[in-house]
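Enquirer: Starting off with a structure, shown below.
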Amino acid sequence: MLGYIAKRTVIAVFVVFATSALTFFLLSLIPGETAVTIIQRVFVGDVTYNPSQAEIEATERMFQLGNPLWIQYLQWLDNAVHGNFGTSYISGRPVLEEILVRLPATVELAIAAMVVSLLIAIPLGVISAAKQNSKTDYFSMAIATFFIAMPNFWLGLILILIFSLHLDLLPVAGYGGLDHLILPAITLGAGMMAVTVRLTRSSVLEILRLDFITTARAKGVDEKRILYRHVLKNAMIPVVTIAGLQLGYLLGGTVIVETIFAWPGIGKLLVDSIEAKDIPIIQGCVVFIAIIFSLVNLLVDISYYFLDPRIKYERV
Amino acid sequence: MTAYGIKRTSIFADNRYLRILKQKSVVTGSMLILGLMFLAIFAPHLTIYDPIKVDLHNNILPPSWEHPFGTDNLGRDVFTRVVYATRIDLLASLFIVALSVIIGLLTGIFAGYYGGIIDKMLIGMMDTFLALPEIILALVLVGALGPSIFNAALALALFGWVRYARVSRGLTLSIKEKEFIEAAKAVGVGDFYLIARHIIPNAIAPISTLAALHLGHAILSLAALGFLGMGAQPPMPEWGAMLNEGRVFLRVGWWLSVFPGLMIMITVLGFNLLGDGLRDALDPRLRQLMSMK
Chain A
3 MLGYIAKRTV
13 IAVFVVFATS
23 ALTFFLLSLI
33 PGETAVTIIQ
43 RVFVGDVTYN
53 PSQAEIEATE
63 RMFQLGNPLW
73 IQYLQWLDNA
83 VHGNFGTSYI
93 SGRPVLEEIL
103 VRLPATVELA
113 IAAMVVSLLI
123 AIPLGVISAA
133 KQNSKTDYFS
143 MAIATFFIAM
153 PNFWLGLILI
163 LIFSLHLDLL
173 PVAGYGGLDH
183 LILPAITLGA
193 GMMAVTVRLT
203 RSSVLEILRL
213 DFITTARAKG
223 VDEKRILYRH
233 VLKNAMIPVV
243 TIAGLQLGYL
253 LGGTVIVETI
263 FAWPGIGKLL
273 VDSIEAKDIP
283 IIQGCVVFIA
293 IIFSLVNLLV
303 DISYYFLDPR
313 IKYERV
Chain B
277 MTAYGIKRTS
287 IFADNRYLRI
297 LKQKSVVTGS
307 MLILGLMFLA
317 IFAPHLTIYD
327 PIKVDLHNNI
337 LPPSWEHPFG
347 TDNLGRDVFT
357 RVVYATRIDL
367 LASLFIVALS
377 VIIGLLTGIF
387 AGYYGGIIDK
397 MLIGMMDTFL
407 ALPEIILALV
417 LVGALGPSIF
427 NAALALALFG
437 WVRYARVSRG
447 LTLSIKEKEF
457 IEAAKAVGVG
467 DFYLIARHII
477 PNAIAPISTL
487 AALHLGHAIL
497 SLAALGFLGM
507 GAQPPMPEWG
517 AMLNEGRVFL
527 RVGWWLSVFP
537 GLMIMITVLG
547 FNLLGDGLRD
557 ALDPRLRQLM
567 SMK
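So the sequence lines, in the order shown, correspond to chains A and B. Numbering follows the numbering used here, with no gaps: position 108 of the first sequence is 110. Numbering follows the numbering used here, with no gaps: position 261 of the second sequence is 537.
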C-alpha cells in the first residue's frame, strides 16, 4: 500500500516538473526580444518605448537572459521551488500573488459545477437503470448524448440569451453572489452531467446483475429497498472516482466558461495573459493547473484503494 | 432454401462489416456525416452569396427567405458562412486526427515492440500529456506560435496522439507474446514485416473507433480555440470563430451565434454516434485496452 502511494506520488511530482519544463520551452518560442519586453512592460510601462542598447544589455545581465535555455529553466525552477514564480509583465506584481487571488473564484466555480452535475446526473442515471429500456431510460440517454456533443461555449451563450437577455432573471456576466454563479456553474457542469448519467446507469446495471441482488430478491426484499440499500452503495464507487477525476477536467473547462462570463478565475487569467504574451503568468498558471490536477488524481487513486480493497495495483 | 435439411445462411452472416451496419447509431451517425460532407463539397452550389464579401447595407438582418440564417454584423449571409465553415472544420479535424494516428501508431508500436528505455520515455510522456487538459497545452502552444487555424490544428495533433500510442502499445505488447509471432521470428521474418503484417492489421479496428470519437472531440477543441480567438482568424468562416464574433452581438442578433453552434453540435453528435456504434460492433476488448495504462 505504502509502496503504491509512493509510486503514484513520484509520478505526480514527475508530471508537474515535466509540464513546467514543457511549458517553459514552448513559451521560449514566442517571438520578440524578452529583454525589450521586460523593459517596455515592467520598467517603463510603455509598449512603444524604444530601449537603448545599454539598457537591453543591462536587463539581459540582470535576468541572465544570455544563458542557454536549459540554464534559464533551472534558474526559474530554483526560484519556483522557493515560492518565487517571477513577476507579471503587465501588472508588475508577483505571479504567485496574481494566481492566489484568482484561485478561490475558480475553485468555487468548479465545485458548484460539480454539485450541479451530480445532483442531476445520479438520480437520472439510477432511474434509467432501474427502468432499463423504458421511455424514461431512452429519454435520459438521448439527453446525455446531446449534452456530450454540445460545445460549452455555445450552451453558455444560449443560457445568457434566454435567462439574462430575454427573461432578465440572471446577470449576463461578472462575479458576485449566488445569482452570478448559476449560469456559469450550469454551463461548466452540463458536459460532466452527461458523462455521469451514462456512467451511473451502466454502474447500477452492472451491480443489478450480480448474484447477491438475485439472493436479496429471492428473499423477498422489495425492489426499492434493494435499489437504495444494496445497489446504490456499490454502484457509487466508480461514479465518485470519475467525479474526482472530472474535477481536473472542469479546470480545463473553466478556461472557456470564465471567458464567457467574465469570471475572475485562473482560466480567464490564462487566456488574458496568452493574449498579452505575459510569459511569467502563463508559466505560473499552467504549473498551478498541473499541480491541482496531479493532486486530485493522486487523491482519487488513493481513495479508490480505500473504497475498494479488492483492487490490487500491480499493473501500471 | 432448406434443401437436404441444411440451413442455408447468407454469405454475409459473419461479415463484421454487415454487423457494423446493424448498429442504429452507426447508421444515424453516418447519415449526419454524409450530409455534412455534402454541404462541404457542394458549398458554392448551395448559396448565391460570398462567405467573405462585406455588405454593410444589409448587416444584422434577422432570418428571412433571402437569408435563412440571417446576416452578420458585416452583412454577410450566415448560412453561406456556416456552409463554407463545414469545409474548414471538417478538413482541419481530419488533419488533426490523421496526424495523431500516424504519430501515435508509430510511437506506440515502436515502444511496445522494442521496449526498454524508449518504452519508459513514452510512458513518461503519456503520463505528462494525459495529466493536463489538452486545451490548456494547446492554448500555450498556439499562444507561442501565434494564433491561426493551422497552428491550432497542429497543437491539437501534437497533444492528441497519446491515446493512439497507448492503445497500439498495449496491442503490440499482447500480440508480441503470441506463439505465431515467435514462429515467424524463428523462420527469420524481419521486424518490419511482422509489424506491417501482424500488428498493424490488428490495430485497425480499435484505432478506427478511437479516430471516430477523436474527430468529434477535435471539432469541439478546434472550435473552442477559435472561440477564444486562438484558432481561425477573421474573415475565415469557422464555426468557433463565428461564435466568437457573434458573441458581442448576442443582444441584437442571436442568429449570429446560434447557427454555428448548432452545426458544431450536429457534427460532434454524428462522429460520437459513429464512434460509439463502431465500438459496440467491432471490438468488445477496446474498453479494456482503453482503460489500460
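Using N, Cα and C, we set each Cβ at its ideal position, and we do this for glycine too.
Could you work out which residue in A:F16, A:N86, A:M238 is closest to E208 (chain A) when comparing CA atoms only?
Expert: The residue labelled residue 208 (chain A) in the question sits at position 206 within the first sequence. Among A:F16, A:N86, A:M238, the Cα nearest to that of E208 (chain A) is on A:M238.
Enquirer: Identify whether D353 (chain B) lies in helix, strand or coil by the three-state DSSP scheme.
Expert: Locating residue 353 (chain B) in the second sequence gives position 77, where the first residue counts as 1. Strand at D353 (chain B).
Enquirer: Assign N427 (chain B) to one of two classes, buried (16 or more other C-beta atoms within 10 Å of its C-beta) or exposed (fewer than that).
Expert: Within the second sequence, numbered from 1, the residue matching residue 427 (chain B) stands at position 151. N427 (chain B) is buried by the Cβ-count criterion.
Enquirer: Rounded to a whole number of angstroms, what is the C-alpha to C-alpha distance between Y325 (chain B) and M518 (chain B)?
Expert: Here the question's residue 325 (chain B) lines up with position 49 in the second sequence. Here the question's residue 518 (chain B) lines up with position 242 in the second sequence. Cα to Cα, the separation comes out at about 17 Å.
Enquirer: Are L550 (chain B) and V354 (chain B) close, meaning C-beta to C-beta below 8 Å?
Expert: Locating residue 550 (chain B) in the second sequence gives position 274, where the first residue counts as 1. Locating residue 354 (chain B) in the second sequence gives position 78, where the first residue counts as 1. No, the Cβ-Cβ distance between L550 (chain B) and V354 (chain B) is not below 8 Å.
Enquirer: Going by C-alpha distance, which of A:I293, A:F45, A:S296 is nearest A60 (chain A)?
Expert: Start at 1 with the first residue of the first sequence, and residue 60 (chain A) comes out as number 58. Among A:I293, A:F45, A:S296, the Cα nearest to that of A60 (chain A) belongs to A:F45.
Enquirer: Taking H182 (chain A) as the reference, which of A:P173, A:G255, A:P96, A:I188 has the closest Cα?
Expert: Within the first sequence, the letter at position 180 stands for residue 182 (chain A). It is A:P173.
Enquirer: Only counting the same chain, and skipping five residues up and downstream in sequence, which positions put a Cβ closer than 6 Å to that of G127 (chain A)?
Expert: In the first sequence, counting from the first residue as 1, residue 127 (chain A) sits at position 125. Within the same chain, G127 (chain A) has close Cβ partners V199, T202, R203.
Enquirer: Helix, strand or coil for P327 (chain B), going by three-state DSSP, please let me know.
Expert: Within the second sequence, numbered from 1, the residue matching residue 327 (chain B) stands at position 51. It is coil, neither helix nor strand.
Enquirer: In whole angstroms, what separates the C-alpha of I13 (chain A) from that of G388 (chain B)?
Expert: As a working mapping, residue 13 (chain A) is identified with position 11 in the first sequence. As a working mapping, residue 388 (chain B) is identified with position 112 in the second sequence. Their Cα atoms are separated by approximately 20 Å.
Enquirer: So, is the C-beta of I162 (chain A) closer than 8 Å to a C-beta in chain B?
Expert: Residue 162 (chain A) sits at position 160 when you count from the first residue of the first sequence. Interface residue, yes.
Enquirer: Which one of A:L271, A:N299, A:V298 has the shortest CA to CA distance from S93 (chain A)?
Expert: Reading the first sequence from its first residue, position 91 is the one you call residue 93 (chain A). Among A:L271, A:N299, A:V298, the Cα nearest to that of S93 (chain A) belongs to A:L271.
Enquirer: Please check if any C-beta of chain B sits within less than 8 Å of the C-beta of G254 (chain A).
Expert: Locating residue 254 (chain A) in the first sequence gives position 252, where the first residue counts as 1. Yes, because at least one Cβ of chain B sits closer than 8 Å to the Cβ of G254 (chain A).
Enquirer: Please determine, among B:L375, B:L498, B:V330, the residue with the shortest C-alpha to C-alpha distance to L413 (chain B).
Expert: Residue numbering aside, residue 413 (chain B) sits at position 137 when the second sequence is read from its first letter. Taking only the C-alpha atoms, the option nearest L413 (chain B) is B:L498.
Enquirer: Contact criterion: CB-CB distance below 8 Å. Does T243 (chain A) meet it with respect to chain B?
Expert: Reading the first sequence from its first residue, position 241 is the one you call residue 243 (chain A). No, its Cβ sits nowhere closer than 8 Å to a Cβ of chain B.
Enquirer: Let's see if you can read the secondary structure: which residues bound the alpha helix (DSSP H) around G85 (chain A)?
Expert: By one-based count along the first sequence, residue 85 (chain A) stands at place 83. Per DSSP, G85 (chain A) belongs to no alpha helix (DSSP H) and is neither H nor E.
Enquirer: Three-state secondary structure (DSSP) at K9 (chain A)?
Expert: Your numbering for residue 9 (chain A) matches position 7 in the first sequence. It is helical.
Enquirer: Name the DSSP beta bridge partners of P409 (chain B), please?
Expert: Position 133 of the second sequence holds residue 409 (chain B). For P409 (chain B), which the question treats as bridged, DSSP gives no partner whatsoever.
Enquirer: Using 8 Å as the threshold, is the C-beta distance between V97 (chain A) and G286 (chain A) below it?
Expert: Sequence index remark: in the first sequence, residue 97 (chain A) carries index 95 (1-based). Sequence index remark: in the first sequence, residue 286 (chain A) carries index 284 (1-based). Yes. Within cutoff.
Enquirer: Out of B:P510, B:T362, B:R442, point me to the one whose CA is closest to L312 (chain B)'s CA.
Expert: What you label residue 312 (chain B) is simply residue 36 of the second sequence in a count that begins at 1. The option with the nearest alpha carbon to L312 (chain B) is B:T362.
Enquirer: Spell out the partners DSSP gives P96 (chain A) in its beta bridges.
Expert: Within the first sequence, residue 96 (chain A) is the residue found at index 94, counting from 1. Looking at the DSSP assignment, P96 (chain A) forms a beta bridge with A:T89.
Enquirer: Taking just the CA atoms, how far does E62 (chain A) sit from A23 (chain A)?
Expert: Within the first sequence, residue 23 (chain A) is the residue found at index 21, counting from 1. Within the first sequence, residue 62 (chain A) is the residue found at index 60, counting from 1. Those two C-alpha atoms are separated by around 21 Å.
Enquirer: Among B:R442, B:G422, B:S376, B:L382, which has the Cα closest to the Cα of M402 (chain B)?
Expert: By one-based count along the second sequence, residue 402 (chain B) stands at place 126. Among B:R442, B:G422, B:S376, B:L382, the Cα nearest to that of M402 (chain B) is on B:R442.
Enquirer: Counting only Cβ pairs nearer than 7 Å, list the residues of chain B close to Y251 (chain A).
Expert: Position 249 of the first sequence, counting from 1, holds the residue named residue 251 (chain A). Residues of chain B passing the Cβ test: P409.
Enquirer: Scan the segment 372–397 of chain B for residues whose Cβ lies nearer than 9 Å to a Cβ of chain A and list them as they occur along the chain.
Expert: Of all residues in the segment 372–397 of chain B, none has a Cβ within less than 9 Å of some Cβ in chain A.
Enquirer: Which residues in chain A sit within 9 Å of M541 (chain B), going by Cβ to Cβ distance?
Expert: In the second sequence, the residue the question calls residue 541 (chain B) occupies position 265. Simply F148, A151, M152, P153, W156.
Enquirer: Find out if the Cβ-Cβ distance for the pair M541 (chain B), P186 (chain A) is shorter than 8 Å.
Expert: Position 265 of the second sequence, counting from 1, holds the residue named residue 541 (chain B). Position 184 of the first sequence, counting from 1, holds the residue named residue 186 (chain A). No, the pair does not count as a contact, with Cβ atoms beyond the cut-off.
Enquirer: Would you check if the segment 493–508 of chain B and the segment 361–379 of chain B touch, i.e. whether three or more CB-CB distances between them fall below 8 Å?
Expert: Because the criterion of three Cβ pairs below 8 Å is met, the segment 361–379 of chain B and the segment 493–508 of chain B touch.
Enquirer: In the DSSP assignment, what are the bridge partners of T347 (chain B)?
Expert: Mapped onto the second sequence, residue 347 (chain B) falls at position 71. For T347 (chain B), which the question treats as bridged, DSSP gives the partners B:D353.
Enquirer: Listed in chain order, which residues of the segment 270–301 of chain A have Cβ atoms closer than 8 Å to some Cβ of chain B?
Expert: Within the segment 270–301 of chain A, the residues whose Cβ lies closer than 8 Å to some Cβ of chain B are L272, V273, I276, E277, K279, I284, V288, I291, A292, F295, S296, N299, listed in chain order.
Enquirer: Kindly indicate the opening and closing residues of the alpha helix (DSSP H) around M313 (chain B).
Expert: Working through the second sequence from its first residue, we reach residue 313 (chain B) at position 37. Its alpha helix (DSSP H) spans residues 300–317.
Enquirer: Given a threshold of 16 other Cβ atoms within 10 Å of its Cβ, counted over all protein chains shown, does M307 (chain B) qualify as buried or as exposed?
Expert: Taking the first residue of the second sequence as position 1, residue 307 (chain B) is located at position 31. Counting Cβ neighbours within 10 Å, M307 (chain B) comes out exposed, since fewer than 16 surround it.
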